[in-house]
Amino acid sequence: MPGQRLIWQAYPFHNKWKRKEVMKLGYNVAIDGPAGAGKSTIAKLVAKEKGYIYVDTGAMYRAIALYFLNQGLNASEIEKMKEIAEQAQVEIGYEQGVQQVYLNGENVTSKIREEAVGNMASISSAVPEVRARLLNLQRTLAQKEDVIMDGRDIGTNILPNADVKIYLTASVETRAKRRFHELLAKGVSCTLEEITHDIEQRDFRDMNRETAPLCQAKDAILIDSSDMTISEVVEKICSYCNKNLDE
Ligand code: DC
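Shown next as structure tokens:
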């Protein structure tokens with residue numbers, strides 16, 4: 191068990207969250223965008239620069255996807271996912287400032303990075319019962335802390351009142367090449383065509399699902415990182431954060 195490192199826990203979604211009644215204490219930065227746009231790399235660096243807590247919500251969806259895979263479910267067994275989603279207890283904590291994800295008490299931080307888990311997460315995250323399971327956890331975190339939270343529906347659904355909203359994207363080619371090189375560096379054997387295909391499929395699923403699809407919030411700042419360096423993107427986002435804090 192994570193013991194004293196344990197900070198936040200997802201509870202079954204039974205009471206509706208009423209935005210007006212919630213006192214917002216944390217400064218919230220939302221970063222949404224498609225797979226491979228560099229959200230987590232950028233968000234971690236902004237978090238370090240500004241002293242925010244980085245919350246990777248994709249990791250939470252991956253943990254539930256891992257639970258389904260461990261239970262022997264395949265991607266087409268949506269009804270079973272709905273039935274057993276409640277059995278997956280997702281918790282997050284921080285070790286030396288690095289987010290750790292626990293699934294029913296087990297630290298699964300590295301296991302959830304596999305491509306198979308990412309692909310399952312892209313399917314199971316469309317299941318409303320799965321999303322409901324994580325909604326309170328994400329909102330509670332943002333309410334209590336200064337966070338930079340990345341995902342697909344943070345600015346549109348989870349934190350509609352975020353202080354800064356960023357929609358970070360890049361061309362499919364750029365994203366596929368980045369992921370391909372990342373995987374090669376990890377020693378994973380794959381082709382650029384396979385990764386491009388995976389990214390296109392994920393984009394389609396994330397953008398076309400019924401519940402909380404990926405889209406740019408009306409008040410989000412669009413950043414296309416295709417021709418930008420990591421530090422240029424970080425600098426740009428930090429400049430918006432400064433702006434808001436100074437107001
Ligand atoms: O960012 P990622 O690749 O770790 O996310 C894995 C999947 O989880 C992604 O395909 C879509 C889903 N996801 C989501 O639906 N909503 C979020 N806020 C974060 C991730």
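In our numbering, the protein residues as written are 191 to 437.
Where a beta carbon is used, it is the ideal one built from N, C-alpha and C, also for glycine.
In the three-state scheme derived from DSSP, where H, G and I count as helix and E and B as strand, methionine 250 is classed as helix. Annotation: the continuous beta strand (DSSP E) that includes lysine 355 extends over 354 to 359. Listed in chain order, the alpha helix (DSSP H) elements of length 4 or more contained wholly in the stretch 267 to 341 are 268 to 274, 305 to 314, 318 to 334.
DSSP places valine 219 within a strand segment (E or B) once states are collapsed to three. Only exposed fits phenylalanine 394, as fewer than 16 other CB atoms lie within 10 angstroms of its CB.
Relative to the non-hydrogen atoms of the ligand DC, the Cβ of aspartate 414 never comes closer than 7 Å to any of them. At least 8 Å separates the beta-carbon of aspartate 343 from that of glutamine 289. Put simply, the stretch 251 to 270 touches the stretch 290 to 306. At least three CB pairs are less than 8 Å apart.
For aspartate 414, the enclosing beta strand (DSSP E) covers residues 411 to 414. Rounded to the nearest angstrom, the Cβ distance from isoleucine 243 to alanine 233 is 10 Å, too far for a contact under 8 Å. Alanine 410 and lysine 301 have their C-alpha atoms roughly 32 Å apart. By the neighbour-count criterion, in which a residue is buried when 16 or more other Cβ atoms sit within 10 angstroms of its Cβ, valine 378 is exposed. Under the three-state reduction of DSSP output, tyrosine 244 falls in the strand class. The beta carbon of glutamate 390 sits closer than 8 Å to those of Val362, all from its chain and outside the five residues before and after it, given in chain order. A buried status is given to methionine 339, since no fewer than 16 other beta-carbon atoms sit within 10 Å of its beta-carbon.
Excluding the 5 residues flanking it on each side, leucine 374 has same chain C-beta neighbours closer than 8 Å at Cys380, in chain order. DSSP, reduced to helix, strand and coil, places valine 378 outside both helices and strands of the structure shown, so it counts as coil. Of all alpha-carbon atoms in Gln406, Ile427, Arg329, the one lying nearest the alpha-carbon of proline 224 is that of Gln406. The distance from the Cβ of alanine 360 to that of glycine 248 is about 16 Å, inconsistent with a contact at the 8 Å cut-off.
With contacts defined as CB atoms closer than 8 Å, lysine 355 and glycine 345 qualify as a contacting pair. Between arginine 392 and serine 312, the gap from beta carbon to beta carbon is short of 8 Å.
In the structure shown, the three-state DSSP call for alanine 227 is coil. Shown here, methionine 397 sits in a helix according to DSSP, grouped into three states.
Distances from the CB of arginine 252 to the heavy atoms of the ligand DC include at least one below 7 Å.
The beta carbons of alanine 402 and asparagine 347 sit about 5 Å from each other, so the pair counts as a contact at 8 Å.
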